[in-house]
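Peer 1: Numbering (my numbering), first residue to last: 58 to 173. We put the CB at the ideal spot given by N, CA and C, even for glycine.
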Amino acid sequence: MLIFYAGLQNIPGEVIEASKLDGASGLRRVFTIEIPMVASQFKLLLILAIINSGQNIVTPLVMTRGGPGYSTYTVSYYMYETAVDYGEFGYSMSIALMLFVVIIVLTALGQLLNRE
Numbered sequence: 058m059l060i061f062y063a064g065l066q067n068i069p070g071e072v073i074e075a076s077k078l079d080g081a082s083g084l085r086r087v088f089t090i091e092i093p094m095v096a097s098q099f100k101l102l103l104i105l106a107i108i109n110s111g112q113n114i115v116t117p118l119v120m121t122r123g124g125p126g127y128s129t130y131t132v133s134y135y136m137y138e139t140a141v142d143y144g145e146f147g148y149s150m151s152i153a154l155m156l157f158v159v160i161i162v163l164t165a166l167g168q169l170l171n172r173e
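Right, here's the structure in full:
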């Protein structure tokens, strides 16, 4: 919420005032001015949410241990289970390396999207 709030604070007051003078209602102003001007914050938070969902290990571990079936498995939990339960540390490290590469690619994608 703080990121959205900071984005809304960066909207110039002249733009809001001009939209009010032009007769834009509150809902129209939200869709034509405020949402497009905070689009970079939307993109950033989308990338951060995707990265966080891949790194989530605590919730599936504590609550369900990956079950029922494999419905709450995440990459991080699979990496943990491979190392701790099965003792396959090399395979677990290769999973961690691939997770790192995916996160780097998503971070670079987020930087490219925010540059526009």
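Out of Y134, I160, G147 and Y127, which one is the CA nearest neighbour of N113?
Peer 2: Of Y134, I160, G147 and Y127, the residue nearest in Cα terms is Y134.
Peer 1: Only counting runs of 4 or more residues, tell me where the alpha helix (DSSP H) segments fall wholly within the region 78 to 118, in order along the chain.
Peer 2: For the region 78 to 118, whole alpha helix (DSSP H) runs of length 4 or above, ordered along the chain, are 83 to 86 and 96 to 112.
Peer 1: Between M136 and S149, how many whole angstroms is the CB-CB distance? I'm expecting something under 8 Å.
Peer 2: That pair is a contact at about 5 Å.
Peer 1: Could you tell me the alpha carbon to alpha carbon distance between L65 and A153, rounded to whole angstroms?
Peer 2: Using only the alpha carbons, I get a separation of about 37 Å.
Peer 1: May I ask which residues mark the beginning and end of the alpha helix (DSSP H) holding I161?
Peer 2: Per DSSP, I161 belongs to the alpha helix (DSSP H) from F146 to R172.
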